[in-house]
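*Asks:* When you line the sequence shown up against our numbering, it's residues 6 to 197, in that order.
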Amino acid sequence: MSEVVLPALNMVDLAGGVAPAPVRIVERRLADMAHYYQDQDAVAALLEENPFIYRTYISHDPVGGCGLFAGTTVIEPGRVGDEFFMTKGHHHVKEEAPEVYLTLRGQGRLVMQTRAGDVEIQAMAPGSIHHIPGVWGHRTVNTGDEPLVFFAVWPADAGHDYAAVEQKGFRQLMFAGADGPAVVANPAYEGM
Ligand code: PAN
Ligand code: ZN
Numbered sequence: 006m007s008e009v010v011l012p013a014l015n016m017v018d019l020a021g022g023v024a025p026a027p028v029r030i031v032e033r034r035l036a037d038m039a040h041y042y043q044d045q046d047a048v049a050a051l052l053e054e055n056p057f058i059y060r061t062y063i064s065h066d067p068v069g070g071c072g073l074f075a076g077t078t079v080i081e082p083g084r085v086g087d088e089f090f091m092t093k094g095h096h097h098v099k100e101e102a103p104e105v106y107l108t109l110r111g112q113g114r115l116v117m118q119t120r121a122g123d124v125e126i127q128a129m130a131p132g133s134i135h136h137i138p139g140v141w142g143h144r145t146v147n148t149g150d151e152p153l154v155f156f157a158v159w160p161a162d163a164g165h166d167y168a169a170v171e172q173k174g175f176r177q178l179m180f181a182g183a184d185g186p187a188v189v190a191n192p193a194y195e196g197m
């Protein structure tokens with residue numbers, strides 16, 4: 006008889022977005038992603054401080070073949086020059102593997118892009134639920150002045166491909182503009 010997978014319970018602190026007993030925490034400081042930002046003079050000025058950009062608290066991993074990961078990401082408020090703090094962004098290795106995000110706190114943008122260069126940007130605010138179909142690479146950006154916190158669920162076998170975004174970038178970037186967050190074409194974007 007196959008072993009029964011036990012239900013798992015975890016709690017997220019809705020204000021802080023912190024799972025108190027995460028299975029794993031992935032942390033990214035500026036030095037881990039310095040070349041992702043456009044203004045390299047601003048990067049150099051911030052590197053000594055090397056601020057935390059974001060943390061992902063993996064609250065459930067697919068123990069026993071349950072099939073899903075779940076985790077909460079907290080992106081700090083801040084900018085590198087005029088470009089908002091953001092995640093690296095990735096594609097799923099398994100092209101058809103989708104993902105769902107639920108925003109818990111803060112204001113931001115979910116920037117999505119296919120490998121062919123199609124772009125879709127959705128506003129993130131508490132309560133917004135985002136379905137990311139498999140072929141869309143995804144990055145989140147904190148455009149507010151408090152932490153951006155969102156909960157994500159994705160298939161155990163999705164896999165993360167960071168190389169495509171690292172090499173080609175996203176076609177559109179989020180900068181602070183005179184009238185609020187502004188979408189800016191990435192001058193360094195290398196399409197297919
Ligand atoms: C999320 C992301 C998380 C961090 O859990 O992994 O927000 O972003 P990066 O992985 O791009 O650094 C997710 O999309 N999982 O598939
Ligand atoms: Zn993902």
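Backbone N, C-alpha and C fix where the C-beta goes; we use that ideal spot for every residue, glycine too.
This one's a predicted model, so the numbers in the text were calculated from it and none came from an experiment.
Please classify V170: does DSSP put it in a helix, a strand, or coil?
*Replies:* Against the sequence shown, residue 170 aligns to sequence position 165. Here V170 sits in helix by DSSP.
*Asks:* Just checking W159 against the ligand PAN - is the residue's beta carbon closer than 6 Å to any of the ligand's heavy atoms?
*Replies:* In the sequence shown, counting from the first residue as 1, residue 159 sits at position 154. Checking the Cβ of W159 against the ligand PAN gives yes.
*Asks:* Can the beta-carbon of I58 be found less than 7 Å from the beta-carbon of G76?
*Replies:* Mapped onto the sequence shown, residue 58 falls at position 53. Mapped onto the sequence shown, residue 76 falls at position 71. Going by C-beta atoms, I58 is not nearer than 7 Å to G76.
*Asks:* Which first and last residues belong to the beta strand (DSSP E) in which V48 is found?
*Replies:* For this step, residue 48 is matched to residue 43 along the sequence shown. No beta strand (DSSP E) contains V48, which is instead part of the alpha helix (DSSP H) from Q45 to L52.
*Asks:* Give a single yes or no on whether H65 has its beta carbon closer than 6 Å to a heavy atom of the ligand PAN.
*Replies:* Residue 65 sits at position 60 when you count from the first residue of the sequence shown. H65 Cβ: outside cutoff for every heavy atom of the ligand PAN.
*Asks:* Can you tell me which residues form a DSSP beta bridge with V4?
*Replies:* Nothing about residue 4 can be reported from this structure: the residues present for the chain run from 6 to 197 only.
*Asks:* Quick one: is the Cβ of E104 within less than 6 Å of any heavy atom of the ligand PAN?
*Replies:* Stepping through the sequence shown from its first residue, residue 104 is reached at position 99. Yes, the Cβ of E104 comes within 6 Å of a heavy atom of the ligand PAN.
*Asks:* For the 8 Å Cβ check, are there 3 or more pairs between the region 105 to 112 and the region 141 to 151?
*Replies:* Yes, since at least three Cβ pairs between the region 105 to 112 and the region 141 to 151 fall closer than 8 Å, the two stretches touch.
*Asks:* Which same chain residues end up closer than 6 Å to F34 when comparing Cβ atoms and leaving out the 5 residues on each side of it in sequence?
*Replies:* The sequence position of residue 34 within the sequence shown is 29, counting from 1. Looking at the sequence itself, residue 34 is Arg, so the reference to Phe does not match. Within the same chain, R34 has close Cβ partners N55 and F57.
*Asks:* Check whether the region 166 to 176 and the region 128 to 139 are in contact - that is, three or more C-beta pairs closer than 8 Å.
*Replies:* Flag = no, the region 166 to 176 and the region 128 to 139 do not touch.
*Asks:* Which two residues bound the contiguous beta strand (DSSP E) that contains L11?
*Replies:* Stepping through the sequence shown from its first residue, residue 11 is reached at position 6. Note, L11: premise wrong, no beta strand (DSSP E); not H, not E.
*Asks:* By how many angstroms is the C-alpha of F74 removed from the C-alpha of I126?
*Replies:* Counted from its first residue, the sequence shown places residue 126 at position 121. Counted from its first residue, the sequence shown places residue 74 at position 69. About 24 Å.
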